[in-house]
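Going down the list, the protein sequences come from chains A and B. Numbered according to this note's numbering, the first sequence terminates at residue 421, and the numbering increases by one at each position without gaps. Numbered according to this note's numbering, the second sequence terminates at residue 1150, and the numbering increases by one at each position without gaps.
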Amino acid sequence: MTTATRGLHVVKPGDHALDVARVRADFPILATEIHGKPLVYLDNAATSQKPQAVIDTIMRYYQDTNANVHRGVHYLSETATEDYEASRRTAQQFINAPHLHEIIFVRGTTEGINLVAQTFGRTRVGAGDEILITAMEHHSNIVPWQILCDEKGAKLRVAPINDNGELLLDEFAKLLGPKTKLAAVTHVSNALGTVNPLQRMVELGHAHNVPVLVDGAQAVPHLKVDVQALDCDFYTFSGHKVYGPTGIGVLYGKTALLESMPPYQGGGDMISSVTFDKTTYNKLPYKFEAGTPDIAGAIGMGAALKYVNGLGIDKIGAHEHDLLEYATQTLSAVPGLRLIGTARDKAAVVSFVIEGVHPHDIGTILDQQGIAIRTGHHCSQPIMDRFGIPATARASFAVYNTRAEIDALVQGIEKVKEVFA
Amino acid sequence: MSDLRDLYQDVILEHSKTPRNFRVQPSADHKAEGFNPLCGDRFTVYVTMDGGAIKDVSFQGSGCAISKASASMMTQSVKGKTMAEAEKIFKRFHEMVTGHAESNTGESELGKLTVFSGVSEFPVRVKCATLAWHTLHAALEGKQDPVSTE
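1) Whose Cβ in chain B lies nearer than 8 Å to the Cβ of G435 of chain A?
2) Might you give, ordered along the chain, the residues of its own chain that have their beta carbon closer than 6 Å to the beta carbon of L1007 of chain B, omitting 5 neighbours on each side?
3) Is the shortest distance between the beta-carbon of L1131 of chain B and the beta-carbons of chain A less than 8 Å?
4) Put T1018 of chain B into one of helix, strand or coil per three-state DSSP.
5) Ordered along the chain, which non-local residues of its own chain (more than five positions away) have a Cβ less than 7 Å from that of R89 of chain A?
6) Assuming I406 of chain A contacts T342 of chain A (C-beta within less than 8 Å), just tell me the rounded distance between them.
7) List the residues of chain A that Y1046 of chain B touches, going by C-beta distances under 7 Å, in chain order.
8) Given that a residue counts as buried once 16 or more other Cβ atoms are within 10 Å of its Cβ, and exposed if not, what is F276 of chain A?
9) In the DSSP output, which residue or residues are listed as bridge partners for V1047 of chain B?
10) Could you pull the start and end residues of the alpha helix (DSSP H) that L324 of chain A belongs to?
11) Would the segment 1091-1100 of chain B count as touching the segment 1050-1064 of chain B if we require 3 or more Cβ pairs under 8 Å?
12) Relative to the alpha-carbon of E151 of chain A, which residue among A:A117, A:P160 and A:A421 has its alpha-carbon at the smallest distance?
13) Does the distance from the C-beta atom of L258 of chain A to that of L284 of chain A stay below 8 Å?
14) How would you write the range of the alpha helix (DSSP H) that S1067 of chain B sits in, first residue to last?
15) Under three-state DSSP, which class holds P144 of chain A?
16) From A4 of chain A to P263 of chain A, what distance separates their C-alpha atoms?
17) Report the residue from A:D367, A:R71, A:M301 and A:V69 whose alpha carbon sits nearest the alpha carbon of S87 of chain A.
18) Excluding the five sequence neighbours on either side, which residues of its own chain have a C-beta within less than 6 Å of the C-beta of P1146 of chain B, listed in chain order?
19) On the DSSP bridge list, what partners appear for S1108 of chain B?
20) Which one of A:V73, A:Y84, A:M270 and A:S48 has the shortest CA to CA distance from A219 of chain A?
21) Pair every Cβ in the segment 62-76 of chain A with every Cβ in the segment 383-401 of chain A, then say whether three or more of these pairs are closer than 8 Å.
22) Give the interface partners of G1063 of chain B over in chain A, defined as CB-CB distance under 9 Å, in chain order.
23) Quick one: what's got a C-beta closer than 6 Å to C446 of chain A's C-beta in the same chain, skipping five residues either side?
24) Determine the chain B residues that contact M384 of chain A at a beta-carbon separation under 7 Å, and present them in chain order.
25) Going by alpha carbons, who is nearest to L1004 of chain B out of A:D367, A:T123, A:I373 and A:L409?
26) Is it buried or exposed, D26 of chain A, if we count other Cβ atoms within 10 angstroms and call 16 or more buried?
27) In chain A, which residues lie less than 7 Å from F1122 of chain B when you measure between Cβ atoms?
28) Between the segment 126-133 of chain A and the segment 281-296 of chain A, can you find at least three pairs of beta-carbon atoms closer than 8 Å?
29) Would you give the residue range spanned by the alpha helix (DSSP H) that I340 of chain A belongs to?
30) Should the segment 357-376 of chain A be called in touch with the segment 144-162 of chain A, which here means at least 3 C-beta pairs below 8 Å?
31) Report the residue from A:E137, A:G247, A:A184 and A:L223 whose alpha carbon sits nearest the alpha carbon of H206 of chain A.
32) Have a look at F237 of chain A and A1071 of chain B and give me their C-alpha separation to the nearest angstrom.
33) Once you ignore the five residues that flank R338 of chain A on each side, which residues in its own chain have a CB closer than 7 Å to its CB?
34) Using a C-beta to C-beta distance shorter than 7 Å, which residues of chain B count as neighbours of F420 of chain A?
35) Which class does N309 of chain A belong to by DSSP, given the choice of helix, strand or coil?
36) Check the Cβ of R1125 of chain B against every Cβ in chain A and list those closer than 7 Å, keeping chain order.
Rendered as structure tokens:
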């Protein structure tokens, strides 16, 4: 399934055979009550909840196999190393990366982007050069490039979006030129839910010899990512948004690029040999993994990706599309409510504002009913400026959410309107 | 829902819908900008002094019901007060919304502002309630940088 053809579609019964009740039972936190009400967790774009399999995997690592990786000859170290590297393989397969050494463990998407900015960016970008991003980027795909541009005297260019929150592809194409050294774009917008026409964007970038970095934080939990089919040069995502632990993520990069880049941080594990005269760096991916890594995190993320594989990412996506469509319909029917982000191709996010009520007040009143949503600028202040609003309320979905929870959200919004009547 | 009503009292809702002194003072002696990065609330507070007293105080900007009502009621409560008196009210107000007030000691000074006592049950909203006050404080101190509640 290419992202370009993937739109809102009607999900027919039998289209997906996901047993949501069983899925919910895998997530212990979903049994929690908040302010005496059953938890309705609709803040998945911020972070997803964790299934028991992930929690158990992390616990078992610390209980049974805790040791440092890549350096011990003893049994525990060997076991920890095997499990850590097995997670790398799971991640590789998950995004269909050609080579295992192209999977670099990082703290999350933010660090993945910063790594590229500080290594590729610092060596390839000079005065007068340009970095191209889009108007729907998260702060984490804006600020690292601003820091780089400030340092190098380079310029950040921003491809605009339309009122639905869709990228203007022609404008994106026009901004690519001989000065462009990198395009850094999001796969799915965290604030608007827009799925970008990534394949086409990568083709356009490559037509100008511009490598393309993809912020996949909001895409990996919801749709099948195939970095070979996309042909993107870098792809980065966070474990915690895809049912894994916080503090761990993946940066994928094409071998030739990674080989040509200097190391990110210096320390143990990233070297082959060290003398005071000369240090030889380790091979990929270890060149970019200085210091003791988040071993438990990496193993936990591996368990999370396996959990997703077990359910099937296509089934997850179909279920979430059903929720998205249902939420779009029911929320659109609420008088005074306006959806922000109405792209044809969306994933699992509904952002909205209510006339006369600030999103922060919506959030507090919903919280009192056990409903967790995100309110604010979603680390995307330029998007808020683009739509002329200070903030939005955002409901975002995961595999364990149900139509009944969207009904609860709509009822919660009625309560908001009651308070502010 | 009694908790919610403690927070969203009628007086607060009314002030948030029709804020008082919600205007720019182009010739104000003091002005400062306040920003709450968590929710995007952003206010400018303007102060005109007359001798040692606050002759006029107003605000502009956007924010949630709590921050807007708090700004509105703040302007009413500090008008005519000296800087020291205004700072003292802020101190009492801060103690009340953070739940650190000593039993009712500040109530007479706070007057109508006691409607914000429910905020202490909602810790994440303390910043909303105090944003305008921090901004007023910065304006009176003549601070140039925008105030952030983070």
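Cβ coordinates follow ideal geometry from the N, Cα and C atoms, glycine included.
In short:
1) The structure shown does not extend to residue 435 of chain A, since chain A is modelled only from 1 through 421, so no value can be given for it.
2) G1118 and F1122
3) no
4) coil
5) Closer than 7 Å at Cβ, skipping near neighbours: L100.
6) Incorrect: roughly 17 Å between the Cβ atoms, too far for contact.
7) Chain A residues near Y1046 of chain B: none, gap ~20 Å exceeds 7 Å.
8) Exposed is the call here.
9) Bridge partners of V1047 of chain B: B:H1030 and B:V1057.
10) I313 to S332
11) no
12) A:A117
13) yes
14) A1065 to V1078
15) Three-state DSSP puts P144 of chain A in a helix.
16) Only weak support exists for where A4 of chain A lies, its pLDDT of 41 falling under 50; the coordinates are left without a value.
17) A:M301
18) E1033 and F1035
19) Its beta-bridge partners do not exist; DSSP assigns none.
20) A:S48
21) Because the criterion of three Cβ pairs below 8 Å is not met, the segment 62-76 of chain A and the segment 383-401 of chain A do not touch.
22) H358, H360 and P390
23) Absent from the structure is residue 446 of chain A, since the part of chain A shown begins at 1 and ends at 421.
24) G1040
25) A:D367
26) buried
27) T364
28) no
29) Note, I340 of chain A: premise wrong, no alpha helix (DSSP H); beta strand (DSSP E) at L337 to I340.
30) no
31) A:A184
32) 41 Å
33) F352 and V353
34) Residues of chain B passing the Cβ test: L1013.
35) helix
36) T364
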